[in-house]
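Please read the structure below before turning to the comments.
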Amino acid sequence: MSILFSPVTFRSLTVRNRLWVSPMCMYSAVDGVVQEWHHTHLAQFASGGAGLIVAEATAVVPEGRISPRDAGLWTDEQRDAWAPIVEAIHARGAAAGVQLAHAGRKASTWWPWAAERGSVPAEDGGWVSTAPSPIAFEGYAAPAELDAGGIDAVVDGFVTAARRAVDAGFDVLELHGAHGYLLHQFLSPLSNQRTDQYGGSLENRARLLLRIVDAVRVEVGDGVPLFVRISATDHADGGFAPDEAEAVAAWATEHGADLIDVSSGGLVAHQQIAVHPGYQVPLAATLRQGGRIPVSAVGLITAAEQAEQVLAEGSADAIFAGREWLRDPHFGLRAAHELGVEIAWPPQYERAHWR
Ligand SMILES: Cc1cc2nc3c(=O)[nH]c(=O)nc-3n(C[C@H](O)[C@H](O)[C@H](O)COP(=O)(O)O)c2cc1C
Numbered sequence: 010m011s012i013l014f015s016p017v018t019f020r021s022l023t024v025r026n027r028l029w030v031s032p033m034c035m036y037s038a039v040d041g042v043v044q045e046w047h048h049t050h051l052a053q054f055a056s057g058g059a060g061l062i063v064a065e066a067t068a069v070v071p072e073g074r075i076s077p078r079d080a081g082l083w084t085d086e087q088r089d090a091w092a093p094i095v096e097a098i099h100a101r102g103a104a105a106g107v108q109l110a111h112a113g114r115k116a117s118t119w120w121p122w123a124a125e126r127g128s129v130p131a132e133d134g135g136w137v138s139t140a141p142s143p144i145a146f147e148g149y150a151a152p153a154e155l156d157a158g159g160i161d162a163v164v165d166g167f168v169t170a171a172r173r174a175v176d177a178g179f180d181v182l183e184l185h186g187a188h189g190y191l192l193h194q195f196l197s198p199l200s201n202q203r204t205d206q207y208g209g210s211l212e213n214r215a216r217l218l219l220r221i222v223d224a225v226r227v228e229v230g231d232g233v234p235l236f237v238r239i240s241a242t243d244h245a246d247g248g249f250a251p252d253e254a255e256a257v258a259a260w261a262t263e264h265g266a267d268l269i270d271v272s273s274g275g276l277v278a279h280q281q282i283a284v285h286p287g288y289q290v291p292l293a294a295t296l297r298q299g300g301r302i303p304v305s306a307v308g309l310i311t312a313a314e315q316a317e318q319v320l321a322e323g324s325a326d327a328i329f330a331g332r333e334w335l336r337d338p339h340f341g342l343r344a345a346h347e348l349g350v351e352i353a354w355p356p357q358y359e360r361a362h363w364r
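Using my numbering, the letters of the sequence shown map in sequence onto residues 10 to 364.
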């Protein structure tokens, strides 16, 4: 009996297995509109046996893009470009999610293979980023501090993007509260030095995230699963730490989040991470609190047995993999075979099925 290939239910959605595709930016959108690349890229994982595919960090407002090439959900045109991609994922038996994101002070940067690094200047299509406090990420331009109206506009951005995501057919919404982007910037004392109700105590630093969880839940209703990705530690002195992450995970689920997607890091350039296979699994296990809070594990989980073990030992409820799916878009078919589990193959591929 494989846990990895057993179904799991969140609200009105049952996902066929627990081996999922982690959100991965493709930096290939045009004015926030996803393209043919995204279609081919995301649909292949559904053919390859993924249970859930969460599409890349998708900006809820234009200034929330990491780069000028990020995907977005702030216009109807962007929504309509996502719809056939979601349909293609569904046609191949997988569930589709999207990661709703705002990059905060890490916005307006060059995409990874651009000739330049750091912040994109205005003359090249860049913009002034916004953040809880006017503290720059090392090597990037300084952000402008969000005022109360700016914070309200961020909440509105998440709500309207959530509406468009559901209208495009997405089954799952994930809030990007990790990797040093805006919601994480609010959580961490290293990037949040506000003195209003959004800064200082952990309750205050978590206020924006919880406000968005509440507002999105009201907008999309009770049926739609809502996940929250968080960085459970900044891997830096004085930063957001696992005990705080435990509290935030519990609050988010009390507010109606259905799963905490446990990642780490990304807030500061001087972070110290010891990367090794499954390096973030212990953080997932901590936040899971013995099964009280549904969590997913991510980070260098690259093999079927390893993924099965993480679930069997009770460290997580589901597995997100990123780069392994890029190396092998049919990772799911292969993982099932390696675990001796019979899963449905696309009939077009049946002749390649290991028997
Ligand atoms: C090309 C690429 C793009 C990524 N983009 C995102 C993203 O949009 N949102 C996010 O939360 N993580 C992003 N990540 C991180 C992955 O989702 C994942 O957490 C990380 O790669 C660790 O998992 P892995 O070892 O299985 O790749 C990205 C990773 C890669 C390789």
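Heads up, the beta-carbon is just placed ideally off N, CA and C, and yes, glycines get one too.
Note that the structure is predicted; figures quoted are calculated from it, not measured.
Per DSSP, reduced to three states, the secondary structure at His111 is coil, with no helix or strand assignment. Annotated three-state conformation of Ile269 is strand, per DSSP. Counting along the chain, Ile94 sits inside no beta strand (DSSP E); it lies in the alpha helix (DSSP H) bounded by residues 85 to 100. Per DSSP, Arg214 lies in no beta strand (DSSP E); the unbroken alpha helix (DSSP H) holding it starts and ends at 211 to 214. Leaving aside the five residues that flank Phe54 on each side, the residues in its chain whose CB is nearer than 6 Å to its CB run, in chain order, Val30, Ile62, Trp334, Pro338. With a threshold of 16 other beta carbon atoms within 10 Å, Ala174 meets it and is buried.
In this structure, Ser11 places its C-beta atom within 7 Å of the C-beta atom of Leu348. Looking at the DSSP output, Phe19 bridges to Leu22.
The shortest CA-to-CA distance from Ala162 to any of Ser117, Glu72, Pro130 is the one to Glu72. Between the alpha carbons of Ala215 and Glu351 lies a distance of about 43 Å. For the options Gln289, Val43, Thr295, Gln280, the alpha carbon positioned closest to that of Ala256 is the one of Thr295. CA-to-CA, the gap between Arg203 and Glu125 works out to about 32 Å. The alpha carbon of Glu132 has as its nearest neighbour, out of Glu147, Val290, Gly159, Pro77, the alpha carbon of Pro77. Residues Val69, Val70 of the same chain have their beta carbon placed closer than 6 Å to that of Gly166, with the five preceding and five following residues left out of the count. CA-CA distance, Ala306 to Arg27, rounds to 11 Å. Under DSSP, no beta-bridge partner is assigned to His50. In the three-state DSSP reduction, Thr242 falls in the coil class, being neither helix nor strand. Taking Pro16 as the centre and dropping the five residues before and after it, the same chain places the C-beta of Thr23, Val24, Arg25, Asn26 closer than 7 Å to its C-beta, in chain order. Not a single heavy atom of ligand 1 lies less than 6 Å from the C-beta of Pro338.
When the alpha-carbon of Val229 is set against those of Leu196, Ser210, Phe179, Asn213, the nearest one is in Phe179. If the five residues before and after His48 are omitted, its C-beta is found closer than 8 Å to the C-beta atoms of Pro93, Ile94, Ala97, all from its own chain and listed in chain order. Remark: C-beta atoms of Ser138 and Val129 do not approach each other more closely than 7 Å. The segment 148 to 163 makes no contact with the segment 236 to 250, as fewer than three CB pairs between them are under 8 Å.
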